[in-house]
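Have a look at the structure below, then the notes.
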Amino acid sequence: MNKIDILAQIRSNEKLLSLPHVLSEILAEVGKDDFSADSLAKIILKDPSLTSRLLKMANSSFYQRVTEITTVHQAVSILGVTTVKCLTLSASVFNPDRITASTGIDPKEFFAYSLSIAAASEKIARTVNYPSPEEAFIAGLLHDIGVLFFLHHHTDKYAGMLKGEIIAESLVEAETKVFGVDHCEIGYHLAEVWRLPDYVADAIITHHGQKSSAPSTVLQNIVGLAVQLTSDRFSGFEISLEKRLQMIGELSERLSLDKSQVDEISSSLLAGTITTAEYLGVDIGNIEDMLIRANQEIWKSYLTIENLFRERQELSQNLLKQEREKGAIEAKNVAMATLSHYLNNATMAIYGRSQLLRMKLTKGDSENLLAKLPHDLEVVDRSIERIVAVLEEMREISPIDQQKYYDMSKALNIDDRITQRLERMGTDGAWASRVEMAPEV
Numbered sequence: 001m002n003k004i005d006i007l008a009q010i011r012s013n014e015k016l017l018s019l020p021h022v023l024s025e026i027l028a029e030v031g032k033d034d035f036s037a038d039s040l041a042k043i044i045l046k047d048p049s050l051t052s053r054l055l056k057m058a059n060s061s062f063y064q065r066v067t068e069i070t071t072v073h074q075a076v077s078i079l080g081v082t083t084v085k086c087l088t089l090s091a092s093v094f095n096p097d098r099i100t101a102s103t104g105i106d107p108k109e110f111f112a113y114s115l116s117i118a119a120a121s122e123k124i125a126r127t128v129n130y131p132s133p134e135e136a137f138i139a140g141l142l143h144d145i146g147v148l149f150f151l152h153h154h155t156d157k158y159a160g161m162l163k164g165e166i167i168a169e170s171l172v173e174a175e176t177k178v179f180g181v182d183h184c185e186i187g188y189h190l191a192e193v194w195r196l197p198d199y200v201a202d203a204i205i206t207h208h209g210q211k212s213s214a215p216s217t218v219l220q221n222i223v224g225l226a227v228q229l230t231s232d233r234f235s236g237f238e239i240s241l242e243k244r245l246q247m248i249g250e251l252s253e254r255l256s257l258d259k260s261q262v263d264e265i266s267s268s269l270l271a272g273t274i275t276t277a278e279y280l281g282v283d284i285g286n287i288e289d290m291l292i293r294a295n296q297e298i299w300k301s302y303l304t305i306e307n308l309f310r311e312r313q314e315l316s317q318n319l320l321k322q323e324r325e326k327g328a329i330e331a332k333n334v335a336m337a338t339l340s341h342y343l344n345n346a347t348m349a350i351y352g353r354s355q356l357l358r359m360k361l362t363k364g365d366s367e368n369l370l371a372k373l374p375h376d377l378e379v380v381d382r383s384i385e386r387i388v389a390v391l392e393e394m395r396e397i398s399p400i401d402q403q404k405y406y407d408m409s410k411a412l413n414i415d416d417r418i419t420q421r422l423e424r425m426g427t428d429g430a431w432a433s434r435v436e437m438a439p440e441v
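Residue numbers 1 to 441, in the working numbering, belong to the letters of the sequence shown in order.
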């Protein structure tokens with residue numbers, strides 16, 4: 001089955017997620033232009049379990065009501081139709097029977113993950129003063145209904161994908177390879193069919209990253225950050241910690257959250273998940289097991305961060321070494337050019353004196369030759385000393401790989417170094433700066 005077939009299946013609305021008849025009635029009722037709170041309450045009252053859950057939700061500390069809500073009509077009037085619709089929908093969707101054992105997924109773990117996103121979304125919304133935290137809660141609660149669709153309607157294929165039959169870096173990539181569409185897009189179309197608010201549909205389709213050319217809304221960023229702050233253990237496609245930290249940083253910046261606020265939100269997730277599960281009446285398993293998993297996740301994150309830190313250190317050292325080697329090569333090139341200049345001058349000085357002596361010998365001017373010989377020999381001696389000084393300097397700057405570093409200033413100050421070396425050899429340093437090339441006549 002491909003994307004076209006799956007979307008057609010959703011639009012046909014035939015036994016979509018096998019919703020209870022009462023819930024189908026609720027969705028149909030709120031889609032009417034002339035519906036009332038009374039008519040909606042009457043439908044809800046047909047299902048005692050749904051009635052009990054709705055009243056429990058309405059009286060929970062989450063909504064911070066002063067007076068007790070005792071009737072479904074009150075709940076509908078006070079909470080609002082949209083909230084009632086989404087909460088009753090979630091009450092039906094979060095049913096362990098929807099996730100069979102063949103999928104390899106623990107329903108309690110999946111529900112705990114979804115409720116954690118809802119709790120995180122609500123907490124983030126309050127922190128950034130979003131006008132309607134309830135909207136953030138509902139969007140977070142229903143963000144993965146696309147996954148439930150796959151688990152319910154394409155159980156075997158999806159189970160095989162989760163068990164590693166498909167090589168992919170993320171859950172959405174694996175889904176796209178198998179079905180041609182991911183759970184974000186499926187959830188978006190489900191939200192449209194169920195006539196959920198646009199803010200819910202928009203948050204669903206972008207919760208793993210932006211898929212729209214339009215700028216992301218505050219609510220989309222809230223749910224996106226909640227997803228990154230919550231660890232996905234059920235699918236086996238959890239993204240790297242490094243990538244998560246990058247996305248958390250980007251989303252936090254969009255929401256103007258600082259690190260301390262993000263840390264506070266993150267540290268409240270476990271308690272928020274437990275509280276949310278209690279008032280929604282969703283079984284998320286043993287609390288002690290959740291604490292153990294949370295501690296294991298913290299330890300895993302610690303080891304990952306430690307490895308990342310070590311890798312960064314090694315990378316920094318390698319980059320520093322490369323920069324030093326590059327600098328050393330450049331500095332040595334300058335130094336060698338300078339030293340070559342000195343060698344050339346010294347060689348030409350010796351050659352010039354040699355030519356002058358030959359010329360005098362050819363002319364038979366032995367008297368003048370002998371008179372000038374001491375001076376010529378002195379020029380040759382000093383040129384040789386200069387060559388020796390240059391060779392010593394060359395030996396000091398080679399090889400590069402034995403140098404911890406080589407400062408460019410050493411190459412640029414090579415004139416001073418040669419002068420100092422010549423002075424130590426007992427040569428007039430000032431002479432070293434002159435080049436005697438012209439032969440005497």
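Here a beta-carbon is modelled for each residue, glycine too, at the ideal position from N, C-alpha and C. None of these values were measured; they are calculated from a predicted model.
Residue j beta carbon less than 8 Å from that of residue i
i	j	result
Leu251	Leu219	no
Val223	Ala191	no
Phe137	Ala112	no
Ile248	Thr127	no
Val84	Leu54	yes
Leu280	Met1	no
Lys157	Val178	yes
Phe237	Ala168	yes
Ile205	Leu151	no
Ala69	Ile43	Per the sequence presented here, residue 69 reads as Ile, with Ala not at that position. Not closer than 8 Å, so no.
Leu23	Ser114	no
Arg142	Ser90	Correcting the residue identity first, residue 142 is Leu in this sequence and not Arg. In contact: Leu142 and Ser90 (Cβ atoms closer than 8 Å).
Lys108	Gly272	no
Phe110	Phe234	yes
Asn221	Leu255	yes
Val181	Lys32	no
Ala349	Val388	no
Residue burial classification, residue i (beta-carbon count within 10 angstroms, cutoff 16)
i	result
Arg386	buried
Glu440	In this prediction, Glu440 scores a pLDDT of 46, lower than 50, which makes its location untrustworthy; no coordinate-derived value is stated.
Trp193	Residue identity differs from the one stated: residue 193 is Val in this sequence, not Trp. With fewer than 16 other Cβ atoms within 10 Å, it is exposed.
Arg382	buried
Asp198	exposed
Arg11	exposed
Ala120	buried
Asn345	buried
Pro215	exposed
Ala473	In this structure the chain extends from 1 to 441, so residue 473 is not present and cannot be described.
Thr362	exposed
Ile6	buried
Asp97	exposed
Gly209	exposed
Val66	exposed
Per-residue DSSP class, three states only, for residue i
i	result
Ala168	coil
Ser92	helix
Glu238	coil
Ala174	helix
Pro374	helix
Asn221	helix
Leu196	coil
Arg233	coil
Lys243	helix
Tyr188	helix
Pro48	helix
Ser60	coil
Ser502	Only positions 1 to 441 of the chain appear in the structure, and residue 502 is not among them; the question remains open.
His154	coil
Ser36	coil
Arg65	coil
Met1	coil
Leu357	helix
Ile145	helix
Ile117	helix
Tyr130	coil
Ile105	coil
Asp416	helix
When the options are compared against residue i, the one with the closest alpha-carbon
i	options	result
Glu185	His152, Asp144 and Ala168	Asp144
Asn59	Lys46, Asp47 and Gln74	Gln74
Phe149	Thr103, Ser121, Pro131 and Glu109	Thr103
Gly80	Ala41, Asp47, Ser92 and Ser116	Ala41
Thr217	Tyr130, Ser268, Glu169 and Leu245	Tyr130
Leu245	Leu162, Glu135 and Val227	Val227
His375	Thr362, Arg353 and Leu391	Arg353
Val390	Thr347, Ser39 and Asn368	Thr347
His87	Thr100, Ala337 and Ser52	Residue identity differs from the one stated: residue 87 is Leu in this sequence, not His. Checked all of Thr100, Ala337 and Ser52; the closest Cα to Leu87 is Ser52.
Val147	Arg424, Gly364 and Glu175	Glu175
Residue i at chain B interface by Cβ criterion, 8 Å
i	result
Leu251	The structure shown contains no chain B; it holds only a single protein chain.
Proximity test, residue i beta-carbon vs the ligand HEM heavy atom, cut-off 7 Å
i	result
Asp106	Because no ligand of any kind appears in the structure shown, any question about the ligand HEM cannot be addressed here.
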